[in-house]
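S.K.: In our numbering, the protein residues as written are 1 to 422.
Here a beta-carbon is modelled for each residue, glycine too, at the ideal position from N, C-alpha and C.
Quick one: this structure, given as structure tokens, is what I'll be asking you about.
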Amino acid sequence: MNAQEQPVESTSPLTDALAQLASAVKHLGISPGVHQMLAQPRRELMVSVPLRRDDGSIAVYSGYRVQHNFSRGPAKGGLRYSPSVDIDEVRALAMWMTWKCALVDVPYGGAKGGVAFDPRDHSDSELERVTRRYTAEILPIIGPDVDIPAPDMGTNEQTMAWIMDTYSSSQGHTVPGVVTGKPISLGGSLGRASATSRGVSHIALMALASRGIDPTNASAAVQGFGKVGRDAARFLAEAGVAVKAISDVDGAIYAAGGISITALSAHVDATGSVVGFDGAEELEPADLLTADVDVLVPAATEGVITGDNAHDIRASIVVEGANGPTTNEADMILHERGVLVVPDILANAGGVVVSYFEWVQANQAYQWRESEVNERLEERMTRAWHSVIEYAGAHKLTYRQAATALSVKRVVEAHELRGLYP
Ligand code: GLU
């Protein structure tokens, strides 16, 4: 494998994930049998989730939990509530979790869950009922030593509290280690809520440094102002980066002199959207991705940088806050154009790193100081960053190819040491 390889036509996150795996398998010389094992999830559960709506009617949603791999430890990964959820999306996201956990060297395999519905069209009590019913359905395959869910798109710490309570009720005692991303008062870790963003910002700053760009002379565009984008924008601004463009599901804004993230956050808290913020002008959402900035942080969803717009990206660095924002076709175009793409499994791994710290704290029944969490997070992100750039340099690979190859290598090593049973 080399960086010049022709892209496989990409049609979905799963085709992208499988092509990335195939590329790593080729580079590492992995046998077809092991390749086949890694290409397929170890276990998947599809459930139907009936919900009694507030008006008394019944709606039925499709729910999934996919456990891609257990070779390095219990499966780990988020739970997504979005109309886009389907089995193939969850399979791709579960596979990426396996690589992500291996890359930052936390003792987990990978999993992902999802329920196909729009949480914004539902009341809090409906969300609670969906969450508890979904949890009841997947109960046989989750647990603190089996598979540990966490927040993802459309879910939050309240969702985790309901999962923990439902699971704990079934066990007859409180089991805080069954989920991560819990509220602090229920055993959540200090620093978890902003961990993904903190990691994204560490990585963006290291990427800027690797290109000789001082953060105080740098600019950024951030797609998404949710769990990842909002604090990523804040940390970048705190480091001196001018965050010129920001978008959310409702629209995009731009300010040539940089957007005040504090003022924008107050506006979003008051109105629910970045649109209408008087410290910036309106921008066409599609133009955010092609804004004239140094760093582009796609922190919304997958498949946004494609063969159609990759030629127009003006940033010299892309830091993937979201999972799978760049299709394989776009990846190759960006590589040919000399754009540095820091892949999701490295860039957004801060979340699962602090999830791991939260799980350790639950197992120890002992809370760490926030400064301790943040220090250890930075140390893990820095170590993973260096391992990827060294591997990429030594083997002439892109950062994504290097990150995937390193991860796959670790998973295969664990698999081989354990052996195939029986
Ligand atoms: N959903 C997040 C991710 O995609 C966090 C997963 C976790 O902490 O288990 O990395």
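Which residues bound the alpha helix (DSSP H) around glutamine 40?
M.R.: Careful: glutamine 40 lies outside any alpha helix (DSSP H) and carries neither H nor E.
S.K.: Can you tell me whether threonine 180 sits near the ligand GLU, meaning its C-beta is under 8 Å from at least one heavy atom of the ligand?
M.R.: Answer for threonine 180: yes, Cβ within range of the ligand GLU.
S.K.: Say yes only if the C-beta of serine 355 is nearer than 8 Å to one or more non-hydrogen atoms of the ligand GLU, and no if none qualify.
M.R.: Yes, since a heavy atom of the ligand GLU falls inside the 8 Å radius drawn around the Cβ of serine 355.
S.K.: So does aspartate 152 have its beta carbon nearer than 8 Å to some heavy atom of the ligand GLU?
M.R.: Yes, the ligand GLU has a heavy atom inside 8 Å of this Cβ.
S.K.: Would leucine 45 pass as a contact of aspartate 152 if the rule is Cβ separation under 9 Å?
M.R.: It is not a contact, given that the beta carbons lie outside the stated cut-off.
S.K.: For leucine 246, write down the residues that DSSP places opposite it in a beta bridge.
M.R.: Here residue 246 is isoleucine; the residue named in the question, leucine, does not match the sequence. Paired residue(s): Val222, Ile253.
S.K.: Taking the beta strand (DSSP E) that arginine 80 belongs to, which residues open and close that run?
M.R.: Element bounds for arginine 80: 75 to 81.
S.K.: Determine whether the beta carbon atoms of arginine 192 and serine 371 lie at a separation below 9 Å.
M.R.: Contact flag unset, no.
S.K.: Which same chain residues end up closer than 6 Å to alanine 237 when comparing Cβ atoms and leaving out the 5 residues on each side of it in sequence?
M.R.: Around alanine 237: Val243, Ile261.
S.K.: For the pair the segment 284 to 292 and the segment 364 to 379, tell me if three or more CB-CB distances fall below 8 Å.
M.R.: No, the segment 284 to 292 does not touch the segment 364 to 379.
S.K.: Can we say the segment 68 to 75 touches the segment 108 to 122, given the rule of at least three CB pairs closer than 8 Å?
M.R.: Flag = yes, the segment 68 to 75 and the segment 108 to 122 touch.
S.K.: At a cut-off of 8 Å, would you count threonine 404 as near the ligand GLU, judging by its Cβ distance to the nearest heavy atom?
M.R.: Every heavy atom of the ligand GLU is 8 Å or more from the Cβ of threonine 404, so no.
S.K.: Within its chain, find whatever has a CB closer than 7 Å to the CB of threonine 98; leave out the 5 residues flanking it on each side and keep chain order.
M.R.: Answer for threonine 98: His68, Asn69, Gly109, Gly110, Val411, listed in chain order.
S.K.: If you follow the beta strand (DSSP E) that aspartate 147 is in, where does it begin and where does it stop?
M.R.: Taken as a continuous stretch (DSSP letters only), the beta strand (DSSP E) holding aspartate 147 covers 147 to 151.
S.K.: Using the DSSP secondary-structure output, state which residues sit across from isoleucine 261 in a beta bridge.
M.R.: Per DSSP, none; premise fails for isoleucine 261.
S.K.: Which two residues bound the contiguous beta strand (DSSP E) that contains glutamate 281?
M.R.: Here the beta strand (DSSP E) through glutamate 281 covers 281 to 283.
S.K.: Quick check: what's the CA-CA separation for glycine 419 versus alanine 221?
M.R.: Glycine 419 and alanine 221: Cα-Cα distance of roughly 46 Å.
S.K.: Taking Cβ positions, are glycine 307 and threonine 327 nearer each other than 9 Å?
M.R.: Contact: yes.
S.K.: Determine the closest residue to arginine 65 out of Ala310, Ile87, Leu283, with distance taken between C-alpha atoms.
M.R.: The candidate whose alpha carbon is nearest that of arginine 65 is Ile87.
S.K.: Run through DSSP, which three-state label would proline 298 get?
M.R.: It is a strand residue.
S.K.: Would you grab the beta carbon distance between valine 175 and proline 144 for me? Rounded to a whole angstrom, and I think it's under 8 Å.
M.R.: Right, the Cβ-Cβ distance comes to about 6 Å (below 8 Å), so this counts as a contact.
S.K.: What first and last residue would you give for the beta strand (DSSP E) that runs through lysine 112?
M.R.: Segment 110 to 115, the beta strand (DSSP E) holding lysine 112.
S.K.: Label leucine 417 either buried or exposed according to how many other C-beta atoms from any shown protein chain fall within 10 Å of its C-beta, with 16 as the threshold for buried.
M.R.: So leucine 417 counts as exposed.
S.K.: Any idea what DSSP makes of proline 215, helix, strand or coil?
M.R.: Three-state result, proline 215: helix.
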